[in-house]
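First up is the structure itself, then whatever we jot down about it.
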Amino acid sequence: MNEKELREAARKHIVPAGILTDVVPAWEGPIFAKAKGSIVWDTAGKEYLDFNSGQMCSALGHNNPRITKTIREQADVLTHASSVLYNVPQIELAKRIADTLDPPLTRSLFLQSGSDANEAAVLLARRATKRNGVGALSLAFHGFSDVTRALSFFGASPGYGPSQPDVHALPTPYCYRCPHKGESCCLAPLHYGLEALDKDCPGGPAAVIVEPLISAGGVIELPKEYLSGLKTELEKRGSLLIYDEAQTGLGKLGTMYAYQHVGVTPDMMTLSKHLGGGLAVSALVTTDEISKTATEGGLMYGHSHGADPICCAAGTASIDEIVENDFPKRAAELGEHWQGRMRSLQQKYEIIGDIRGRGILQGIELVRDRMTKEPAAKEADSIFRHCLKDGLLFSLRGRLKNVFRFVPPFTTTIAELDKAVDIMEGATRKTLGLK
Ligand SMILES: Cc1ncc(COP(=O)(O)O)c(C=O)c1O
């Protein structure tokens, strides 16, 4: 089909839903045809720097050769297998993940998406603690399945049907906009949140789930002090701490996992996004003890494609690629260069209020005035559209719709980073009416 025919067919045959429909709707945007490394091409042959890494799942670079080779080889051996019995790549991936983790995180359950893995984490937490309540942060995003959507307090979901019972929002420690500025100020939202949670869940919650660095909610890193305080308080209550490392795990932040940087090990962790190097596989990782208590009496849970050999083989190849190339170190270098360039732009343009993030998960918050921090949502929308036109893809996120999120692949070159900065600067100047 040519581009015109594709657009026509899409208009007629695709349900127009998407992860983000309010900035540039899919039917107005480019239709992607091929990709390599950090670049994607649309049907008209136009080139884009993909600082979204697809949907953050191509962080090893689009069509990473090790992944495509693994897929080709595994496809001829065993593509799909029973979800009741084990298969070889499934066991190999479980062992490979365990090798990269610190004890007591030793066991994995495989699923297909970040939502599935978080849903499984909640289920296991409920079974292990024999409680139901689950807390999540007010700016959290954990997925679009029913339970995870209910825990994704960042996105309102009007008309989606009833929410899940016994899910509870906790205030987010959002340093840039914190009203409590001062020493250990991040402990204020922790204590207010726990006070409310204790009322909602008198016997203690089953778990609290957090992203160590909130991604869709606005690229907000949770302070170490907050996370260690949360862990201590949950332990006192016999409740579990779950890290959703969909966006932060597997090297993106400069360490293999965010919890290693934070120094606070969770009871459960979920991995997804680039775990399969572009293929759909996710993991819930936990301890022997939780695995044992949660599966007591038998746990009927899983999906038909939960541990597909082809996806698990890609998962092992993806971890090998990350470890052998020391991608965490590369992420740290790219992040440092990016932030240096962004700081130079910040000196020129008042609109860049805050620069934050770590490794290859970077954000900037746009404001009309650095004192009042009035969100520059309209300007953000305009810059975003100019960048799209000029060949740079990233996301517009945050509760106030004024945060840009950049997730370039690990394989991005410094020249590509610089080109993206130039496109950003050009788009900013056009938006601000500067020559
Ligand atoms: C932190 C986090 N958790 C979970 C999810 C959901 O993952 P999936 O879209 O694979 O269900 C996402 C997706 O963007 C995410 O950012």
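In terms of the working numbering, the sequence shown opens at residue -5 and continues consecutively. C-beta: ideal position from N, C-alpha, C; glycine also. None of these values were measured; they are calculated from a predicted model.
Could you tell me the distance, in whole angstroms, from the CA atom of ALA307 to the CA atom of LEU87?
Here residue 307 refers to the residue found at position 313 of the sequence shown. Here residue 87 refers to the residue found at position 93 of the sequence shown. Cα to Cα, the separation comes out at about 7 Å.
Please classify LYS246 as buried or exposed, where buried requires at least 16 neighbouring CB atoms within 10 angstroms.
As a working note, residue 246 is residue 252 in the sequence shown. The residue in question, LYS246, is buried, as its Cβ has 16 or more Cβ neighbours within 10 Å.
Residues bridged to ASP348 (per DSSP):
In the sequence shown, the residue the question calls residue 348 occupies position 354. GLU359, per the DSSP bridge assignment.
From LEU339 to GLU419, what does the alpha carbon distance come to, in whole angstroms?
By 1-based counting over the sequence shown, the position of residue 339 is 345. By 1-based counting over the sequence shown, the position of residue 419 is 425. Taking the straight line from one Cα to the other gives about 7 Å.
Taking only the alpha-carbon atoms, compute the straight-line gap between ASP348 and TYR168 and give it to the nearest angstrom.
Counting from one through the sequence shown, the residue named residue 348 turns up at place 354. Counting from one through the sequence shown, the residue named residue 168 turns up at place 174. So the alpha carbons of these two residues sit roughly 12 Å apart.
Residue interval of the alpha helix (DSSP H) (run including ALA122)
Mapped onto the sequence shown, residue 122 falls at position 128. 108 to 123 is the span of the alpha helix (DSSP H), which, as asked, contains ALA122.
From GLU22, VAL78, GLU(-1) and HIS7, pick the residue whose C-alpha is nearest to that of GLY292; which is it?
The residue you call residue 292 lines up with position 298 of the sequence shown. That would be VAL78, whose Cα lies nearest to the Cα of GLY292.
Which residue from ILE346, THR264 and TYR251 puts its Cα closest to that of ASP320?
Reading the sequence shown from its first residue, position 326 is the one you call residue 320. Here the closest residue by C-alpha is TYR251.
If we require 4 or more residues per run, which alpha helix (DSSP H) segments fall completely within the segment 127 to 175?
140 to 145
Go to PHE104, then tell me how far its beta strand (DSSP E) extends in each direction, as first and last residue.
Position 110 of the sequence shown, counting from 1, holds the residue named residue 104. First-last of the beta strand (DSSP E) with PHE104: 99 to 105.
Do GLY353 and GLN106 have their CB atoms nearer than 8 Å?
By one-based count along the sequence shown, residue 353 stands at place 359. By one-based count along the sequence shown, residue 106 stands at place 112. Not closer than 8 Å, so no.
To which residues does DSSP link PHE35 through a beta bridge?
In the sequence shown, residue 35 corresponds to position 41, counting from 1. Correcting the residue identity first, residue 35 is Trp in this sequence and not Phe. Answer by DSSP bridge pairing, in chain order: LYS28 and GLU41.
Out of LEU328, ILE358, THR310 and HIS74, state which residue places its alpha-carbon closest to the alpha-carbon of THR407.
Locating residue 407 in the sequence shown gives position 413, where the first residue counts as 1. From the listed residues LEU328, ILE358, THR310 and HIS74, the smallest Cα separation to THR407 is found for LEU328.
Give a yes or no on contact between the segment 181 to 189 and the segment 139 to 146, applying the rule of three or more CB pairs nearer than 8 Å.
no
THR366, buried or exposed, once every other Cβ within 10 Å from all chains shown has been counted against 16:
Within the sequence shown, the letter at position 372 stands for residue 366. Exposed, because fewer than 16 other Cβ atoms sit within 10 Å of the Cβ of THR366.
For VAL18, tell me which candidate among MET294, ILE61 and LEU382 has the shortest Cα-Cα distance.
By one-based count along the sequence shown, residue 18 stands at place 24. Across the set MET294, ILE61 and LEU382, the C-alpha of LEU382 shows the shortest separation from the C-alpha of VAL18.
ALA421 beta carbon less than 8 Å from that of ASP375:
Against the sequence shown, residue 375 aligns to sequence position 381. Against the sequence shown, residue 421 aligns to sequence position 427. In this structure, ALA421 does not lie closer than 8 Å to ASP375 by Cβ.
Quick check: the Cα distance between ILE214 and LEU131, rounded to an integer number of angstroms?
Your numbering for residue 214 matches position 220 in the sequence shown. Your numbering for residue 131 matches position 137 in the sequence shown. Using only the alpha carbons, I get a separation of about 11 Å.
Nearest-angstrom beta carbon gap, VAL275 and CYS516 [assumed within contact, 8 Å]:
The question about residue 516 has no answer here: the residues shown for the chain are numbered -5 through 429.
Apply the 10 Å Cβ neighbour rule to SER47 and answer buried if 16 or more other Cβ atoms are within range, or exposed otherwise.
Locating residue 47 in the sequence shown gives position 53, where the first residue counts as 1. Counting C-beta atoms within 10 angstroms of its own C-beta, SER47 has 16 or more neighbours from the protein chains shown and is therefore classed as buried.
Taking 7 Å as the cut-off, is the beta-carbon of GLN84 closer than that to any non-hydrogen atom of ligand 1?
Numbered from 1 along the sequence shown, position 90 holds the residue referred to as residue 84. Flag unset: Cβ of GLN84 not near ligand 1.
Contact with chain D by GLY176, beta-carbon distance below 8 Å:
Among the chains in the structure shown there is no chain D, since it carries only a single protein chain.
Which residues neighbour ligand 1 when neighbourhood means a C-beta less than 6 Å away from any of its non-hydrogen atoms? List them by chain order.
SER107, GLY108, SER109, ASN112, PHE135, HIS136, GLY137, GLU205, SER209, ALA210, ASP238, ALA240, GLN241 and SER266
Excluding sequence positions up to five away, which residues of its chain have a Cβ less than 7 Å from the Cβ of PHE146?
By 1-based counting over the sequence shown, the position of residue 146 is 152. The sequence shown places Ser at residue 146, not Phe. Excluding residues within five positions, the ones whose Cβ falls inside 7 Å are ALA134, PHE135, HIS136 and GLY137.
Given 8 Å as the limit, is there contact between the segment 43 to 58 and the segment 388 to 403, that is, 3 or more CB pairs closer than that?
These segments touch.
For the beta strand (DSSP E) containing THR281, name the first residue and the last one.
The residue given as residue 281 occupies position 287 in the sequence shown. Start and end: 276 to 281.
CA nearest to the CA of GLY129, picked from VAL161, ARG121 and LEU103
Translated into the one-based positions of the sequence shown, residue 129 becomes position 135. The option with the nearest alpha carbon to GLY129 is VAL161.
Since ALA371 contacts LYS395 with CB under 8 Å, what's their CB separation in whole angstroms?
As a first step, residue 371 is located in the sequence shown; it is residue number 377 there, counting from the start. As a first step, residue 395 is located in the sequence shown; it is residue number 401 there, counting from the start. Yes, ALA371 and LYS395 are in contact; Cβ-Cβ is about 4 Å, under 8 Å.
When you compare the segment 175 to 184 with the segment 193 to 206, are there three or more beta-carbon pairs, one atom per stretch, that lie closer than 8 Å?
no
Evaluate contact between the segment 116 to 123 and the segment 309 to 326, counting only Cβ atoms and requiring at least three cross-stretch pairs below 8 Å.
no
Separation of GLU229 from SER222, as counted between CA atoms:
Position 228 of the sequence shown, counted from the first residue, corresponds to residue 222. Position 235 of the sequence shown, counted from the first residue, corresponds to residue 229. If I take the Cα positions, the gap works out to 11 Å.
Rank ILE61, THR37 and ILE13 by C-alpha distance to the C-alpha of GLY270 and give the top, closest one.
For the purposes of this step, residue 270 is identified with residue 276 of the sequence shown, where counting begins at 1. It is ILE61 whose Cα lies nearest to the Cα of GLY270.
Alpha carbon to alpha carbon, how far is SER298 from LEU355? Give it in angstroms, no decimals.
Locating residue 355 in the sequence shown gives position 361, counting from the first residue. Locating residue 298 in the sequence shown gives position 304, counting from the first residue. Computed Cα separation, rounded: 32 Å.
So within the segment 169 to 220, which uninterrupted alpha helix (DSSP H) runs reach at least 4 residues, ignoring any that extend past its ends?
181 to 194
Whose C-beta lies closer than 6 Å to the C-beta of MET263 among residues of the same chain, with five residues either side of it excluded?
Translated into positions along the sequence shown, residue 263 becomes position 269. These residues qualify, in order along the chain: TYR237, GLU239 and VAL279.
Distance, Cα to Cα, ALA29 vs LEU43?
What you label residue 29 is simply residue 35 of the sequence shown in a count that begins at 1. What you label residue 43 is simply residue 49 of the sequence shown in a count that begins at 1. For ALA29 and LEU43, the distance between alpha carbons rounds to 10 Å.
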